[in-house]
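Visitor: So the sequence lines, in the order shown, correspond to chains A and B. Our numbering puts the first residue of the first sequence at 9, with every later residue one more than the last. Our numbering puts the first residue of the second sequence at 9, with every later residue one more than the last. Each residue gets a CB set at the ideal place from its N, CA and C atoms; glycine is no exception. Bear in mind the structure is a predicted one, so any value in this text is a computation, not a measurement. The structure follows.
Number of protein chains: 2
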Amino acid sequence: MLSKKSQYAFKALAYLAERCDEGPVLIADISKKKKIPLKFLENILLELKKAGILDSKKGKGGGYFLKKDPSKVKVAHVIRLVNGPIAMLPCVSLYFYERCKDCNEKSCRLHDMMVEVRDASLNILENRTLKDLIN
Amino acid sequence: MLSKKSQYAFKALAYLAERCDEGPVLIADISKKKKIPLKFLENILLELKKAGILDSKKGKGGGYFLKKDPSKVKVAHVIRLVNGPIAMLPCVSLYFYERCKDCNEKSCRLHDMMVEVRDASLNILENRTLKDLIN
DNA sequence: AATAAGTCTATCAAATTAGTAGGATAATAT
DNA sequence: ATATTATCCTACTAATTTGATAGACTTATT
Numbered sequence: 009m010l011s012k013k014s015q016y017a018f019k020a021l022a023y024l025a026e027r028c029d030e031g032p033v034l035i036a037d038i039s040k041k042k043k044i045p046l047k048f049l050e051n052i053l054l055e056l057k058k059a060g061i062l063d064s065k066k067g068k069g070g071g072y073f074l075k076k077d078p079s080k081v082k083v084a085h086v087i088r089l090v091n092g093p094i095a096m097l098p099c100v101s102l103y104f105y106e107r108c109k110d111c112n113e114k115s116c117r118l119h120d121m122m123v124e125v126r127d128a129s130l131n132i133l134e135n136r137t138l139k140d141l142i143n
Numbered sequence: 009m010l011s012k013k014s015q016y017a018f019k020a021l022a023y024l025a026e027r028c029d030e031g032p033v034l035i036a037d038i039s040k041k042k043k044i045p046l047k048f049l050e051n052i053l054l055e056l057k058k059a060g061i062l063d064s065k066k067g068k069g070g071g072y073f074l075k076k077d078p079s080k081v082k083v084a085h086v087i088r089l090v091n092g093p094i095a096m097l098p099c100v101s102l103y104f105y106e107r108c109k110d111c112n113e114k115s116c117r118l119h120d121m122m123v124e125v126r127d128a129s130l131n132i133l134e135n136r137t138l139k140d141l142i143n
């Protein structure tokens with residue numbers, strides 16, 4: 009399951025995507041409209057900024073805004089950033105791979121099955137962007 | 009990601025599925041061969057028994073064994089039992105549904121997307137069984 | 001200089017995960 | 001009967017993760 013943090017991140021990103029031509033948006037504004045705890049949201053947005061998805065401006069008239077066009081930010085990328093692996097097993101993850109101890113990957117049928125699940129999920133998540141989150 | 013408990017459960021179930029015509033298998037045997045902490049495995053197997061997947065016999069000649077044919081036990085069912093929801097969001101889960109607070113499901117595009125991911129995953133996991141875990 | 005906003009670091013409580021301990025119960029063998 | 005074998009059960013603990021908060025700091029604007 010996606011963490012609450014991830015859900016907040018998507019809500020905030022969707023909100024920013026809807027307003028991506030209107031200049032910076034206040035954290036407090038997002039927090040209020042999307043009912044996300046302010047300080048928690050601060051941390052999340054900062055993280056997304058450091059990851060290159062958002063940018064910000066300080067002082068009056070400042071706030072957060074998308075650094076790229078919503079259609080350029082993949083949902084899979086956001087999940088990996090905020091939530092971690094998409095795969096169901098470490099031995100099957102593309103970005104967070106870890107060898108399975110005491111298990112031969114070549115002959116593990118669970119491995120194969122989880123590769124299938126991963127690919128089915130990625131087929132969707134790699135082809136959807138923040139643009140698809142806008143109503 | 010699947011918990012270690014889930015991974016252990018699948019290893020144990022695969023082991024039992026391979027030996028489903030050979031009578032009861034000792035917990036200690038599974039623990040040793042699959043390198044699963046003994047006491048942890050005890051708890052897991054007991055849980056699977058209570059869920060109706062396994063049965064057991066006490067005393068000499070006892071042990072655990074599959075209650076049904078391996079081809080009758082769906083992978084999706086085991087995941088839900090041991091790991092919990094398969095869906096990425098509570099508002100999209102079939103067996104662990106929870107309403108999304110402060111979010112209108114009808115107009116939430118993330119919701120739609122996660123329904124797609126869920127169905128893509130279930131399409132695989134509901135159609136694979138313990139039999140598919142045997143080499 | 002005052003104000004408005006994001007930045008940073010640290011901390012905290014609750015929940016979850018992974019694993020352990022040890023006795024209780026039941027089936028079998030002698 | 002009783003000793004042995006093996007599962008059953010309840011509780012506990014340690015480590016990690018998650019969700020959230022506090023407060024001082026920095027930077028931009030007026």
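Measure from the alpha carbon of B:S79 to the alpha carbon of each residue in B:S115, B:R136, B:C111, B:E113, then state which is nearest.
Guide: B:R136
Visitor: Tell me whether the segment 70-86 of chain A and the segment 32-49 of chain A touch, counting them as touching only if at least three CB pairs, one residue from each stretch, are closer than 8 Å.
Guide: The answer is yes - the segment 32-49 of chain A touches the segment 70-86 of chain A, with three or more Cβ pairs under 8 Å.
Visitor: Check each candidate in B:K76, B:V83, B:L89 and name the one with the smallest Cα separation from B:E55.
Guide: B:L89
Visitor: Can you find a CB in chain B that lies within less than 8 Å of the CB of A:E124?
Guide: Taking Cβ atoms only, chain B reaches closer than 8 Å to A:E124, which makes this a yes.
Visitor: Report back the beta-carbon spacing between B:K42 and B:K19 to the nearest angstrom; my notes put them in contact at under 8 Å.
Guide: 5 Å
Visitor: For the alpha helix (DSSP H) containing B:F48, list its first residue and its last residue.
Guide: 46-58 is the span of the alpha helix (DSSP H), which, as asked, contains B:F48.
Visitor: Note the first and the last residue of the continuous alpha helix (DSSP H) segment covering A:F18.
Guide: 12-26
Visitor: Write down the C-beta distance between B:L62 and B:L53 rounded to the nearest angstrom, noting that I regard them as a contact closer than 8 Å.
Guide: 6 Å
Visitor: Which residues, in chain order, does the segment 125-139 of chain A contribute to contact with chain B at a C-beta distance below 8 Å?
Guide: V125, A128, S129, N131, I132, L133, R136
Visitor: Secondary structure at B:K68, three-state DSSP: helix, strand or coil?
Guide: coil
Visitor: Looking at B:A25 and B:I142, is the spacing between their C-beta atoms short of 8 Å?
Guide: Going by C-beta atoms, B:I142 is nearer than 8 Å to B:A25.
Visitor: Does the beta carbon of B:V83 sit closer than 8 Å to a beta carbon anywhere in chain A?
Guide: yes
Visitor: Could you have a look at A:V125 and say whether DSSP puts it in helix, strand or coil?
Guide: Correct three-state label for A:V125: helix.
Visitor: Quick check: what's the CA-CA separation for B:C111 versus A:A17?
Guide: 14 Å
Visitor: Pull up the CB-CB distance for A:E124 and A:A84, whole angstroms please, since I reckon it's below 8 Å.
Guide: So it is not a contact: roughly 17 Å between Cβ atoms.
Visitor: Taking the alpha carbon of B:K40 as the point to measure from, which residue in B:V86, B:Y23, B:V81 has its own alpha carbon closest?
Guide: B:Y23
Visitor: Does the Cβ-Cβ distance between A:R126 and A:I94 come in under 8 Å?
Guide: Result yes, Cβ atoms of A:R126 and A:I94 sit closer than 8 Å.
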